[in-house]
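> What follows is a structure written as structure tokens; I'll ask about it next.
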Amino acid sequence: MQQQMDDLRAKALASLDAASTPAALEEWRVAYLGRKGPMSQALRGLSALAPEERRAAGAQANELKTLLEERFAAKSASLQDAVAATIAQREAIDVTLPGWRPLAGHLHPTTRVIREITRAFADMGFQTVEGPEVEWDYYNFEALNIPPGHPARDMWDTLWLEGQRPMLLRTHTSPMQIRHMETHKPPVRVIVPGKVYRHEATDATHEWHFHQVEGLAIDEGISFADLKGTLYEFARRIFGVERKVRFRCDYFPFVEPGAEMAIDCFVCEGKGCRVCGHSGWIEIMGAGMVHPDVLRRVNVDPARYTGYAFGMGVERIAMLKYGIDDIRLFYANDLRFLRQF
Ligand code: PHE
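Residue numbers (this note's numbering): 56 to 396.
Structure below.
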């Protein structure tokens, strides 16, 4: 019995020494300390011995079992420490290293300018509304006094879509004048920012896709003086309090009289420079008093109500504000350009 225990001890301790992973250690535990292992067997075998032998053998067996359990616990703890140490080393973080600055997104210059414009008009009582980019011929042209075959259609190079009824990518935001008045009775004061499209060869000042902001005010007793006052205030808000404003006659079929508005060049203060083409003035929008026929079409009585409309190119205003000399930069997605705003 003594001999048997000594052999078992030697074998068990040698193979415990050899176990170097948690899995091997577990295997060892099952083999030596498990229910079917030699220790359990030895303890069960005690009952077959004579009483005087049994006591000594029992003591020996228990002693060995305790020893193996202790060694197992110690080995298990040291293996866990080793594993933890490896993980700690692999995942070590040097808290003294400088951090990364998170990349924060920001607004596109077009969005910024649209927000600035709509805010300026919001302060003057205008509400912002939006409309569809794919439009019927009726809203883009016909309801705006530009029937099929009208020569004024040449003013807007149009991208047509296939369909049963004439459909197009809107060439301006003016169709929203009609759409809004169809569903809203005067008084009306709205600003309409949005994308527009033209069948255009692109160059530094022309894009086939750009943005406009439309304005429309209809009420009793609105005059051209209201139009001038409102747009004058707008120009001061966007380009500075020093700005002068010039109105000249222009033609758009849906306004009468029609005008083009310019501000005195804020680069040369009107003396003439490259930005203003040496004229001292920069044209920023078309405007005018809404044509009586346009009002009649949406069942607004032109004898009672009058109003004005205007439309400006957003990128053009952004180019003037930020000194950008090529409209194609806006949608080229060049980060070197976009990061500047
Ligand atoms: N819609 C016109 C354009 O795109 C601009 C405009 C709007 C003119 C409203 C007069 C009144 O050219």
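Note that CB positions come from ideal geometry on N, CA and C, so glycine has one too.
It should be emphasised that the depicted structure is a prediction, and the values quoted were computed from it without experimental measurement.
Could you tell me whether the Cβ atoms of PRO43 and ILE273 are closer together than 9 Å?
Lying before the first or after the last residue shown, residue 43 is absent from the chain, which here runs from 56 to 396.
> With burial defined as no fewer than 16 other Cβ atoms inside 10 Å of the residue's Cβ, what is the status of LEU223: buried or exposed?
Numbered from 1 along the sequence shown, position 168 holds the residue referred to as residue 223. Buried, since its Cβ has 16 or more Cβ neighbours within 10 Å.
> Expressed to the nearest angstrom, what Euclidean distance is found between the alpha-carbon atoms of ALA177 and VAL247?
Taking the first residue of the sequence shown as 1, we reach residue 177 at position 122. Taking the first residue of the sequence shown as 1, we reach residue 247 at position 192. Taking the straight line joining both Cα atoms gives about 12 Å.
> Under DSSP, the beta strand (DSSP E) around LEU101 begins and ends at which residues?
Against the sequence shown, residue 101 aligns to sequence position 46. Looking at the DSSP string, LEU101 is not in any beta strand (DSSP E), and its letter there is neither H nor E.
> State buried or exposed for TRP155, treating a residue as buried only when at least 16 other CB atoms are found within 10 Å of its CB.
Within the sequence shown, residue 155 is the residue found at index 100, counting from 1. It is exposed - the Cβ of TRP155 has fewer than 16 other Cβ atoms within 10 Å.
> Within its chain, find whatever has a CB closer than 7 Å to the CB of TRP83; leave out the 5 residues flanking it on each side and keep chain order.
Looking up residue 83 in the sequence shown gives position 28. Closer than 7 Å at Cβ, skipping near neighbours: SER70, LEU71, ALA74.
> Could you pull the DSSP bridge partners for PRO248 from this structure?
Residue 248 sits at position 193 when you count from the first residue of the sequence shown. Paired residues: VAL268.
> Quick check on PRO308: does DSSP put it in helix, strand or coil?
Start at 1 with the first residue of the sequence shown, and residue 308 comes out as number 253. Of the three classes helix, strand and coil, the one that applies to PRO308 here is coil, per DSSP.
> For ASP274, does the three-state DSSP call read helix, strand or coil?
Walking along the sequence shown from the start, residue 274 turns up at place 219. In the structure shown, ASP274 sits in a strand (DSSP, three-state: E or B).
> Counting only the same chain and skipping the five closest in sequence on each side, list residues whose C-beta sits under 8 Å from that of ILE172.
Along the sequence shown, one-based indexing puts residue 172 at 117. For ILE172, the CB contacts under 8 Å within the same chain, skipping 5 residues up- and downstream, are ILE246, PRO248, VAL268, PHE289, ILE293, MET367, VAL369, ILE372 in chain order.
> Can you tell me which residues form a DSSP beta bridge with ARG303?
Position 248 of the sequence shown, counting from 1, holds the residue named residue 303. ARG303 is bridged to GLU315.
> Going by DSSP in three states, ALA280 sits in which element: helix, strand or coil?
What you label residue 280 is simply residue 225 of the sequence shown in a count that begins at 1. Correct three-state label for ALA280: helix.
> Whose C-alpha, out of ILE233, ARG244, GLU188, is nearest the C-alpha of THR226?
Mapped onto the sequence shown, residue 226 falls at position 171. Comparing Cα-Cα distances from THR226 to each of ILE233, ARG244, GLU188, the minimum goes to GLU188.
> Using only the alpha-carbon positions, how far apart do MET236 and ASP356 sit?
Stepping through the sequence shown from its first residue, residue 236 is reached at position 181. Stepping through the sequence shown from its first residue, residue 356 is reached at position 301. Distance between the alpha carbons of MET236 and ASP356: 12 Å.
> Once you ignore the five residues that flank ARG303 on each side, which residues in its own chain have a CB closer than 6 Å to its CB?
Along the sequence shown, read from residue 1 onward, the residue named residue 303 stands at position 248. GLU315, listed in sequence order.
> Under 8 Å from any heavy atom of ligand 1, does the C-beta of HIS266 make it?
Start at 1 with the first residue of the sequence shown, and residue 266 comes out as number 211. Outside the cutoff, so no.
> In whole angstroms, what is the alpha-carbon distance linking VAL251 and ARG220?
For the purposes of this step, residue 251 is identified with residue 196 of the sequence shown, where counting begins at 1. For the purposes of this step, residue 220 is identified with residue 165 of the sequence shown, where counting begins at 1. Approximately 20 Å between the Cα atoms of the pair.
> Please report how far the alpha carbon of THR166 lies from the alpha carbon of PHE385, in whole angstroms.
Within the sequence shown, residue 166 is the residue found at index 111, counting from 1. Within the sequence shown, residue 385 is the residue found at index 330, counting from 1. If you take the alpha carbons of THR166 and PHE385, they lie about 11 Å apart.
> Among the candidates PHE309, GLU190, ALA198, whose CA atom is the shortest distance from the CA of GLU217?
Translated into the one-based positions of the sequence shown, residue 217 becomes position 162. Cα-wise, what sits closest to GLU217 is GLU190.
> Are there 16 or more other CB atoms within 10 angstroms of the CB of ASP319, so buried, or fewer, so exposed?
Position 264 of the sequence shown, counting from 1, holds the residue named residue 319. ASP319 should be labelled buried.
> Is SER229 near ligand 1 - that is, is its Cβ less than 8 Å away from at least one heavy atom of it?
Taking the sequence shown and counting its residues from 1, the one referred to as residue 229 is at position 174. Yes, since a heavy atom of ligand 1 falls inside the 8 Å radius drawn around the Cβ of SER229.
> Alpha carbon to alpha carbon, how far is THR228 from MET344? Give it in angstroms, no decimals.
Here residue 344 refers to the residue found at position 289 when the sequence shown is read from its first residue. Here residue 228 refers to the residue found at position 173 when the sequence shown is read from its first residue. Whole-angstrom Cα-Cα distance: 16 Å.
> At which residue ranges does the region 331-394 contain complete alpha helix (DSSP H) runs of 4 or more residues, listed in the order of the chain?
347-352, 369-377, 390-393
> Ligand 1 and VAL353: does any heavy atom of the ligand fall closer than 8 Å to the residue's C-beta?
What you label residue 353 is simply residue 298 of the sequence shown in a count that begins at 1. Not under cutoff, so the answer is no.
> With hydrogens ignored, establish whether the beta-carbon of ALA259 is closer than 8 Å to any heavy atom of ligand 1.
The sequence position of residue 259 within the sequence shown is 204, counting from 1. ALA259: no, Cβ never under 8 Å from ligand 1.
> Between the alpha carbons of MET231 and ALA364, how many angstroms are there, rounded?
Numbered from its first residue, the sequence shown carries residue 231 at position 176. Numbered from its first residue, the sequence shown carries residue 364 at position 309. Whole-angstrom Cα-Cα distance: 11 Å.
> Taking 9 Å as the cut-off, decide whether the C-beta atoms of LEU101 and ALA116 are in contact.
As a first step, residue 101 is located in the sequence shown; it is residue number 46 there, counting from the start. As a first step, residue 116 is located in the sequence shown; it is residue number 61 there, counting from the start. It is a contact, given that the beta carbons lie within the stated cut-off.
> Going by DSSP, what residues sit across from THR183 in a beta bridge?
Reading the sequence shown from its first residue, position 128 is the one you call residue 183. Looking at the DSSP assignment, THR183 forms a beta bridge with ILE246.
> Among residues of its own chain, excluding the 5 on either side of TRP215, which ones have a beta-carbon nearer than 6 Å to its beta-carbon?
Stepping through the sequence shown from its first residue, residue 215 is reached at position 160. Same-chain partners within the cutoff: LEU223.
> Leaving out the 5 sequence neighbours to the left and right, which residues in its chain are closer than 7 Å to TRP211 when beta-carbon positions are compared?
Along the sequence shown, one-based indexing puts residue 211 at 156. Here the set comprises THR226, HIS227, ARG253.
> With DSSP as the reference, identify every bridge partner of VAL322, one or two as the case may be.
Counting from 1 along the sequence shown, the entry for residue 322 is found at position 267. Beta-bridge pairing links VAL322 to no other residue.
> With distances taken from CA atoms, which of ARG64, TYR87, SER131 is nearest ALA77?
Translated into positions along the sequence shown, residue 77 becomes position 22. Ala is not the amino acid found at residue 77; the sequence shown has Pro there. Comparing Cα-Cα distances from PRO77 to each of ARG64, TYR87, SER131, the minimum goes to SER131.
> Please classify ASP192 as buried or exposed, where buried requires at least 16 neighbouring CB atoms within 10 angstroms.
On the sequence shown, position 137 is the one that residue 192 refers to. Per the 10 Å Cβ criterion, buried.
> Let's test the definition: count the other Cβ atoms within 10 Å of the Cβ of ILE142 and tell me whether it reaches 16, buried, or not, exposed.
In the sequence shown, the residue the question calls residue 142 occupies position 87. Exposed: under 16 other Cβ atoms inside 10 Å.
> To the nearest whole angstrom, what separates the beta carbons of THR260 and ILE382, a pair I think is in contact under 8 Å?
Residue 260 sits at position 205 when you count from the first residue of the sequence shown. Residue 382 sits at position 327 when you count from the first residue of the sequence shown. Contact flag correct, Cβ pair sits at about 6 Å.
> Rounded to whole angstroms, what is the Cα-Cα separation between ARG170 and ASN200?
Here residue 170 refers to the residue found at position 115 when the sequence shown is read from its first residue. Here residue 200 refers to the residue found at position 145 when the sequence shown is read from its first residue. Going from the Cα of ARG170 to the Cα of ASN200 covers about 30 Å.
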